[in-house]
Amino acid sequence: MSFERPHETISWAKEAIDDFDREVRTFFNGNATEYVIDVDPRTGDNIHKIRLKQPLPGRLSRFANDALSHTRNAFDQTIHGACLSLGIKKSTSPHFPWRSNPTDLEKTFENGKIPDSLWDVIRQQEPYPTGEGYTGGDDAMREVSKIAKWKHNVGLSVDVQAGSAMAPGVTGRVSRYITPPLIWDNVNNELPILIVNPEAKLDGRYQVGLLIVFDVPGVLEKKSANSLMRLFVEKAQRFLEETEAAVRV
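Note that our numbering has the sequence shown beginning at -9, numbered continuously upward.
Dropping the structure here:
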């Protein structure tokens, strides 16, 4: 019974991720984007763009917030369950030690709040970013653990899937052909994909893969929010299973 709660919490996180995934597929399968051509007032060139017809559904942030908070809670609940299994009954159990480097993690162990029988299994999780002077660490998961602690809803935006762009051919008189950097414009919810002179005609359709990403700068940029949430919950599941095995020894 000591680990019943984290098992349940992880199942809630997985359900929220599945809800997130269904909402994303429903949104994009519902003709959410449109192909538009704007004219550059300075040069007269045609700017071909892909644009969202409407903002991302608000439910996506709620599902992401639920998935992240449930997963982070599962790490803490696993520590609590281990303490109970070891016969350590405290009014408040220690939280899972997300730290900035291995040295900080060892200092946490030294303060005596976490039972020493759990130290090795926690070390195996490498709950800190990569850095100089030591090996291991996981930048993405450490950053995800931080946003999972936010009290407000997690922000989401659209980005371009790396390596997914396929440009069409061009016919007619071509005097200008520019492929701008594939950077999503979050203000206008659009992606400029090609700049050509007015006489040039596209032969085919431009294809590009879009992602839903966490709207935070740094290591999580251009990484699928869905994939990151699944990796986070898989890490919590693995920690729970390894902790259960450790306290049974």
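Idealized CB from N, CA, C, for every residue including glycine.
The structure presented is a predicted model; accordingly, all values stated were derived computationally and were not measured.
Of the residues His(-3), Pro84, His60 and Ser165, which one's Cα is nearest the Cα of Lys139? Translated into positions along the sequence shown, residue 139 becomes position 149. If we check each option's Cα against that of Lys139, His60 comes out closest.
With DSSP as the reference, label Ser217 as helix, strand or coil. Within the sequence shown, residue 217 is the residue found at index 227, counting from 1. Note: Ser217 maps to helix in three-state DSSP.
Between the alpha carbons of Arg15 and Leu200, how many angstroms are there, rounded? Looking up residue 15 in the sequence shown gives position 25. Looking up residue 200 in the sequence shown gives position 210. So the alpha carbons of these two residues sit roughly 11 Å apart.
With DSSP as the reference, label Arg(-5) as helix, strand or coil. Position 5 of the sequence shown, counted from the first residue, corresponds to residue -5. Residue state, collapsed to three classes: helix.
8 Å contact criterion, which Leu184 and Tyr196 should meet: CB distance rounded: By one-based count along the sequence shown, residue 184 stands at place 194. By one-based count along the sequence shown, residue 196 stands at place 206. Rounded, the Cβ-Cβ distance is 6 Å, consistent with contact.
Look up Glu180 in the DSSP assignment and give the residues it is bridged to. The count along the sequence shown starts at 1 and reaches residue 180 at position 190. Paired residue(s): Arg41 and Asp175.
Look at the alpha carbon of Pro188 and the alpha carbon of Tyr25, and state the distance between them as a whole number of angstroms. Taking the sequence shown and counting its residues from 1, one reaches residue 188 at position 198. Taking the sequence shown and counting its residues from 1, one reaches residue 25 at position 35. Going from the Cα of Pro188 to the Cα of Tyr25 covers about 16 Å.
Output needed for Asn63: all residues of its chain with C-beta closer than 7 Å, excluding positions within five of it in sequence on either side, in chain order. Stepping through the sequence shown from its first residue, residue 63 is reached at position 73. Closer than 7 Å at Cβ, skipping near neighbours: Thr(-1).
As assigned by DSSP and simplified to three states, the class of Asn63: In the sequence shown, residue 63 corresponds to position 73, counting from 1. In the structure shown, Asn63 sits in a helix (DSSP, three-state: H, G or I).
Compute the distance between the beta-carbons of Asn179 and Leu50, then report whether it is under 8 Å. The residue you call residue 179 lines up with position 189 of the sequence shown. The residue you call residue 50 lines up with position 60 of the sequence shown. Against a cut-off of 8 Å, the Cβ pair of Leu50 and Asn179 comes out as no contact.
Is the beta carbon of Phe65 less than 8 Å from the beta carbon of Ala226? In the sequence shown, the residue the question calls residue 65 occupies position 75. In the sequence shown, the residue the question calls residue 226 occupies position 236. Yes, these two residues count as a Cβ contact at 8 Å.
Sequence-distant residues of its chain with Cβ nearer than 7 Å to Asp110 (five each side left out): In the sequence shown, residue 110 corresponds to position 120, counting from 1. The answer is none, since no qualifying residue turns up.
Quick one, are the C-beta atoms of Ile137 and Leu58 less than 8 Å apart? Stepping through the sequence shown from its first residue, residue 137 is reached at position 147. Stepping through the sequence shown from its first residue, residue 58 is reached at position 68. Contact flag set, yes.
Of the listed residues Gln115, Ile37, Val150 and Asn176, nearest to Met131 (C-alpha basis): Here the question's residue 131 lines up with position 141 in the sequence shown. The shortest Cα separation from Met131 among Gln115, Ile37, Val150 and Asn176 belongs to Gln115.
In whole angstroms, what is the alpha-carbon distance linking Thr93 and Pro117? In the sequence shown, the residue the question calls residue 93 occupies position 103. In the sequence shown, the residue the question calls residue 117 occupies position 127. Looking at the two C-alpha atoms, the distance is approximately 11 Å.
Can you round the beta-carbon distance between Val148 and Leu192 to whole angstroms, since I take them to be within the 8 Å contact cut? Here residue 148 corresponds to residue number 158 of the sequence shown, with the count starting at 1. Here residue 192 corresponds to residue number 202 of the sequence shown, with the count starting at 1. Contact flag wrong, Cβ pair sits at about 22 Å.
Distance check for Ile69 and Pro(-4), CA to CA, integer angstroms please. The residue you call residue -4 lines up with position 6 of the sequence shown. The residue you call residue 69 lines up with position 79 of the sequence shown. Approximately 9 Å between the Cα atoms of the pair.
If you check the beta carbons only, do Glu234 and Phe(-7) fall under 8 Å apart? Numbered from its first residue, the sequence shown carries residue 234 at position 244. Numbered from its first residue, the sequence shown carries residue -7 at position 3. Closer than 8 Å, so yes.
Does Pro45 pass the burial test, meaning 16 or more other C-beta atoms within 10 Å, or should it be called exposed? As a position in the sequence shown, residue 45 is number 55, starting the count at 1. Counting Cβ neighbours within 10 Å, Pro45 comes out exposed, since fewer than 16 surround it.
For His38 and Ile104, what's the separation of their Cα atoms in angstroms? Walking along the sequence shown from the start, residue 38 turns up at place 48. Walking along the sequence shown from the start, residue 104 turns up at place 114. Roughly 57 Å between the two C-alpha positions.
May I have the straight-line CA-CA distance separating Pro170 from Ile202, to the nearest angstrom? In the sequence shown, counting from the first residue as 1, residue 170 sits at position 180. In the sequence shown, counting from the first residue as 1, residue 202 sits at position 212. Cα to Cα, Pro170 sits roughly 21 Å from Ile202.
C-alpha distance - Ala190 paired with Asn176, whole-angstrom precision: Reading the sequence shown from its first residue, position 200 is the one you call residue 190. Reading the sequence shown from its first residue, position 186 is the one you call residue 176. Answer to the nearest angstrom: the Cα atoms are 28 Å apart.
Along the alpha helix (DSSP H) that carries Thr98, what are the first and last residues, could you check? If you number the sequence shown from 1, residue 98 lands on position 108. That run of the alpha helix (DSSP H) goes Pro92 to Glu100.
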